[in-house]
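Chains as they are written, first to last, in my numbering: chain Z, 1 to 378; chain F, 1 to 378; chain P, 1 to 334; chain C, 1 to 334. What follows is a single structure, written as structure tokens, with notes after it.
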Ligand SMILES: Cc1ncc(C[n+]2csc(CCOP(=O)(O)OP(=O)(O)O)c2C)c(N)n1
Ligand SMILES: Cc1ncc(C[n+]2csc(CCOP(=O)(O)OP(=O)(O)O)c2C)c(N)n1
Ligand SMILES: [Mg+2]
Ligand SMILES: [Mg+2]
């Protein structure tokens, strides 16, 4: 087509194909993180749910403490604690139904445990006797994921597959504030929205990616504001308010289940402990900030609400603590047993059938071990 | 800290560290793509600029036509035409100052040419005598980039480096609607916003990524809505309105130059031709859609405005066409000469100094070529 | 079947047929990638599949390779068998983290609980006049990643058989399709497609006694041509088509080299750190005392893939192969 | 200099000193990566640099490896010399598209106009009890990518010298830091740091006459230990530390093997498709008639890196090296 042919063809009007594809307004997060505890909304909460959350938080805090202690005793190589973030961990697990799937990040051991994974098996990765210590299909919990944000597309694919098969399954995927900077975060959210996959993304914004504070991670008004760019709703919630996180996640899960597609939830919380036991947090943050957050502790928050309303008394608290202690004692005892290792496992699960090359290598190792046993070796 | 220590410490208040980091409202795009031509705003445009844009559009359209013809004659391996998108191509080049940098995608040969790159050298990649045919430093145009979105972080890094050095340099990076789905798009925009780098991202939303329509690419209200998720302004513009694209880009470049940080601009346009000469667009779209867009041709749009306002007459049009024909004739003539190739180039630019291994391989090739020349070879 | 051409004779058509038959046989097979649906792929390998099986079974994804492979992982976790298309070799690189850190390891990480039956189709190699980033031979990366099978056909029949085997495998398979053989033709009969080839078996394409050419994929026809040309020089060359780089068929390869006493590895991929080093080393380990000369390599140069007008210098051709054969220390013979 | 420790004696400290000296000598040197600023890196290699040179010269980036390397490309285009830290080996994978498609090729793509003097520091290898994805030996990927230099120190002095040379190079250098040698100590004097080592030269760490151990990085100390232990068996082993995988020092390596007539390549990386194949193949090409036995390889198994409690079985140790030496067909000697 030459320029000449064009003449006269022009009608001033918007480009033909363009119209906003969705209304952005409902996708934007509220200006303030959603809160329930300490607000009027708290009255509407189911007391049984609140008590359940409380018991799980207490157990979760104890689990974090016990695991951290186990690192000091050399029983765990490393432990990335979620102390201070238990409300997110627990609510993520409790928002799901039996048939749903959880995709935890490397920090979310607790969410896996809250969903039913055996507390010892959940620590296999960090003890170092194998990578994933539990069968992901047993409780529909994907492996704890170390390469950041890489499990998000997995959650999308799984949720999409379930929907294609006509199954009623929602996937909930957890990621940190730092993880939102990775390309995989972007690609996962985009696929989820395009496919309208039943998946919920929970960003635990705990203020830091190891030493890097949020201000060096993003300039966005909030991480929840990323949602509109994918065409999904973004929700902002006080991540230390277990009732609020539970409600927001439950809504998002229901929305996904009903065919409404994905939601991005940003939970504002704080990493009270260092990044891991190997980290020295004093290098990059001051006590004042940590103390301010300690004062907004998720357990204290919920305990206050429950006691104020007469839903919890000293007995109830003791009961929760005792249950937590029982779990911790069991964990301690079982973690103090040396795991039984089989070097043949090195070759057993690389392929469905070991290749001829792997069989040769296995034979080499077996011969070495036999020689070692026989004391023949150098 | 045990649960007990927490008791009583609770004050119901928002989490300590949280406040929206920026006001999201000004970052959101307008509901309609910005237009100038055919609106009252057109009267405010500098006539000289409009005439300049017109001449460049006409030249650009002719360039696209000539390059496409060269593929039919076997002089180019392939040509991804920007016919119908000339307003974006030209405005991107013209919005920049001398010292600024342009980062084109593989489709943006025209933008490179409009910025001053020799029309033949700009086609080297597609003719196949080398990869990048021009010195990127001569006109500050980065290599035409085939791996989609990968040049966006380059633009950010360059703009950031210039700013660190105290230089007055803005980078403008171009990407397609499809390219916005890549992780590199996300990471580039995030780095740009965190660093407040002087960079402008121009998304040419031409409706398709090869055969994939926008609806399968994103569910967002608009691509410009992605900006708020990074904390930068998003702007929506009619990509066939050269005056509007030029104004929006010039504003964004000025904003960046003044230290205001990056902007994301989405230009709504349409890929009138097939993806490349090798593509068969009838497989995935109908004539009606194409025709509707042809009626909104960027050249006709501008021509209409100029003639209505008496800024362009038949003489002026002929003049623009003649200049375009002169360019095309020169391009044809030069492209019809076989490029001179030197196989030694294969080894010359892999490293600053060829490794011993490469020297051996070069010697092998030289011996082969000598044998071929001497007719000694099999 | 109605929509897929009934007379495939090119490799591309055999691949289409393999995808079709796999999808028809097993509803858990899903094809996904950029432009694989309506368009049928830029090489038309997925032509007709979306029409026949619906867009949910043959899906145009957003343009993001890590996302494609990453979501395929999730789909495989849920029991599907995704067949992923990477549009060109170099565009698989954005998916490398997913490939290396998850696809290749998920079975291992989960102690066998979570196998990932994913097939990753990668059109690879040069010789088609492609612009930069469209002609890479990236097999070295895949070979160095434990947990992946790496397979590449050289004939129309193998294209069908190996792709069926790849899709049927419970392990992830990187299925490398030699771009410049897409339009190679063969008398293969689509109505009686070959039995599914097992993965991991090399094949002697041409028996010979003087020396062995060890090769695969796009270089197989070149080696066969070289073997013909070599007759004029008095060499009777055996040509082994590896078909599978992982697992590697040591038996077939070593048997051939023990017989001939000389070997040249031929591939398009760069030499340094490329497949040839591994192959030469393992052949030498196994056949040392049968070798009259070191195993030589004829490969692409150690340079980024050249622009179209220079690629002929880069690609291993008949002459370069025969030059290498000539260097196999034939004096020792006399 | 005030903030950086003045008595480095570990490899980590030598690396810090090298970064410091390079930054002090050339204002275009910029360090960037995850946690490299305030924290000083998870291995503390960048400790003190942000404080001394400011956050614009030593920058905590957002958490995105492709973004880190991609922006470094742009910075290098503008004349800076970025030194990028990838926090762990496996976390470099997201940056592979940038690495392969741009970093390694920009000079080539632009006909020499746009060189990219980028140093990419990658802590690599195992033996530190790391959880999965923290112990990969990824050198095979880098070696197979033309346009990159690939360098790895084994001693404190080389850590300093090679890193200075990498930063001074006008080409991109992948600088592989053996994690388990970070805390290895040496009597190296920081006040008189060694001259900058040229890239591309191997070194004989221990002369010997019976056979050559060809190795690099984390396996160098293991090979030296093996050589000591071998004396008891009557073998006098030579140990060659490659230091640079690309370019490869064929001369030094081949000279050693011609002298000894036997060789074993030792590395942690997997065997199949790993560096050892390339090394064995090229040594054999060059030394065929001097070899009494095929060049053998002692390497990690072809498996995903094992969990901490099993890694000792995987890593090439003294016994496995000596077993390989024993297989070098010593009968032929008699
Ligand atoms: C791809 C990748 N890059 C780098 C790392 C190393 N790393 C482990 S945790 C971490 C910080 C994560 O921060 P965030 O996402 O906020 O999660 P949090 O630790 O706060 O739970 C980093 C950089 C990694 N695990 N994966
Ligand atoms: C990383 C990567 N993946 C795939 C391709 C193959 N490819 C080339 S152009 C194209 C479509 C691009 O669409 P868009 O970004 O909208 O740009 P347009 O072609 O419309 O200008 C694809 C998939 C590529 N070049 N790079
Ligand atoms: Mg965090
Ligand atoms: Mg497009």
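Yeah, the Cβ is synthetic: ideal placement off N, Cα and C, and Gly gets one too. Quick caveat: nothing in here was measured; it's all calculated off a predicted structure.
Min CB distance residue 101 of chain C to chain P below 8 Å: Closer than 8 Å: yes.
Within-8 Å CB hit, residue 118 of chain C to chain P: No - not a single Cβ of chain P is within 8 Å of the one on residue 118 of chain C.
Residue-chain proximity (residue 382 of chain Z, chain F), Cβ-Cβ < 8 Å: The structure shown has nothing for residue 382 of chain Z, since chain Z only spans 1 to 378.
CB of residue 171 of chain P within 8 Å of CB of residue 344 of chain Z, strictly: In this structure, residue 344 of chain Z does not lie closer than 8 Å to residue 171 of chain P by Cβ.
Beta-ladder partner(s) of residue 101 of chain F, from DSSP: Beta bridge pairing from DSSP links residue 101 of chain F with F:171.
Of the listed residues F:44, F:140, F:58, nearest to residue 74 of chain C (C-alpha basis): Shortest Cα-Cα distance from residue 74 of chain C to any of F:44, F:140, F:58 involves F:140.
Any chain Z beta carbon closer than 8 Å to residue 4 of chain C: Note that residue 4 of chain C has pLDDT 45, beneath the 50 cutoff, so the model's placement of it is unreliable and no number is given.
Amino acids of chain F, ordered along the chain, whose beta-carbon sits closer than 7 Å to that of residue 272 of chain P: 357, listed in chain order.
Beta-carbon neighbours of residue 350 of chain Z, restricted to chain C and to distances below 8 Å: Going along chain C in sequence order, the residues near residue 350 of chain Z (Cβ under 8 Å) are 302, 303, 304.
Delimiting residues of the alpha helix (DSSP H) encompassing residue 34 of chain P: Premise fails: residue 34 of chain P is in no alpha helix (DSSP H) and is neither H nor E.
Where residue 230 of chain P falls, given that 16 or more other Cβ within 10 Å makes a residue buried: Label assigned to residue 230 of chain P: buried.
Residues bridged to residue 271 of chain C (per DSSP): In the DSSP secondary-structure assignment, residue 271 of chain C is not bridged to any residue.
Chain-ordered neighbours of residue 82 of chain Z on chain C, where CB pairs are closer than 9 Å: Neighbours of residue 82 of chain Z on chain C: none; closest Cβ ~16 Å, over 9 Å.
Beta-carbon proximity list for residue 6 of chain C, same chain, < 8 Å, skipping 5 on both sides: Note that residue 6 of chain C has pLDDT 45, beneath the 50 cutoff, so the model's placement of it is unreliable and the number below is only indicative. For residue 6 of chain C, where only same-chain residues beyond five positions count, the Cβ hits under 8 Å are 190, 191.
Cα-Cα separation, residue 283 of chain P to residue 347 of chain F: Rounded to whole angstroms, the gap between the alpha carbons of residue 283 of chain P and residue 347 of chain F is 30 Å.
Burial state of residue 137 of chain F (16 or more Cβ within 10 Å): Flag for residue 137 of chain F reads exposed.
Distance, residue 329 of chain C Cα to residue 233 of chain P Cα: Approximately 36 Å between the Cα atoms of the pair.
Contacting residues, own chain, Cβ-Cβ under 6 Å from residue 247 of chain C (five flanking each side not counted): Excluding positions up to five away in sequence, the list reads 200.
Residue 300 of chain P Cβ short of 7 Å to ligand 3 heavy atom set: Every heavy atom of ligand 3 is 7 Å or more from the Cβ of residue 300 of chain P, so no.
Shell residues, 7 Å Cβ cut-off relative to heavy atoms of ligand 3: Counting only beta-carbon distances shorter than 7 Å to the non-hydrogen atoms of ligand 3, the qualifying residues in chain order are Z:176, Z:177, Z:178, Z:204, Z:205, Z:206, Z:207, Z:208, Z:209, Z:271.
Where residue 365 of chain Z meets chain C, residues with beta-carbon distance less than 8 Å: Those within 8 Å of residue 365 of chain Z in chain C are 301, 313.
Check whether residue 150 of chain C and residue 245 of chain C have beta carbons under 8 Å apart: Result yes, Cβ atoms of residue 150 of chain C and residue 245 of chain C sit closer than 8 Å.
Partner residues on chain P for residue 93 of chain C, Cβ-Cβ distance less than 7 Å: Neighbours of residue 93 of chain C across chain P, judged by C-beta separation under 7 Å: 96, 97, 100, 101.
Span separating the alpha-carbon of residue 258 of chain F from that of residue 69 of chain C: Approximately 27 Å between the Cα atoms of the pair.
Run of the alpha helix (DSSP H) containing residue 299 of chain C, from where it starts to where it stops: In the DSSP assignment, residue 299 of chain C falls outside any alpha helix (DSSP H) and lies within the beta strand (DSSP E) extending over 296–300.
Cβ of residue 296 of chain P within 8 Å of any chain C Cβ: So, interface residue.
Delimiting residues of the beta strand (DSSP E) encompassing residue 63 of chain Z: Taken as a continuous stretch (DSSP letters only), residue 63 of chain Z belongs to no beta strand (DSSP E), being part of the alpha helix (DSSP H) at 47–72.
Nearest-angstrom beta carbon gap, residue 67 of chain P and residue 153 of chain Z [assumed within contact, 8 Å]: Cβ atoms of residue 153 of chain Z and residue 67 of chain P come within 8 Å of each other, at about 5 Å.
Exposure label - residue 1 of chain P; buried when at least 16 CB within 10 Å: For residue 1 of chain P, the predicted model reports a pLDDT of 40, less than 50, meaning its position is unreliable and no value from the coordinates is stated.
Local Cβ density within 10 Å of residue 94 of chain P, reported as buried at 16 or more and exposed below that: Sixteen is the threshold: when 16 or more other Cβ atoms of the shown chains lie within 10 Å of the Cβ of residue 94 of chain P, as they do, the residue is buried.
In chain order, each alpha helix (DSSP H) run of at least 4 residues that lies wholly inside the region 222–265 of chain C: Counting whole runs of 4 or more residues, the region 222–265 of chain C contains the alpha helix (DSSP H) stretches 250–260.
Test: residue 198 of chain C CB closer than 8 Å to a CB of chain F: With 8 Å as the cut-off, residue 198 of chain C does not count as an interface residue toward chain F.
Cα-Cα separation, residue 120 of chain F to residue 334 of chain F: Between residue 120 of chain F and residue 334 of chain F, the C-alpha separation is close to 7 Å.
Listed by chain order, chain F residues near residue 194 of chain Z by CB distance under 9 Å: Using a Cβ-Cβ cut-off of 9 Å, residue 194 of chain Z is close to 181, 215, 216, 217, 218, 219 of chain F, given in chain order.
Contact with chain C by residue 244 of chain P, beta-carbon distance below 8 Å: Residue-level contact check: residue 244 of chain P does not touch chain C, since none of the beta carbons of chain C fall below 8 Å from its beta carbon.
is_contact[residue 188 of chain Z, chain P] using C-beta, thresh 8 Å: The Cβ of residue 188 of chain Z sits closer than 8 Å to at least one Cβ of chain P.
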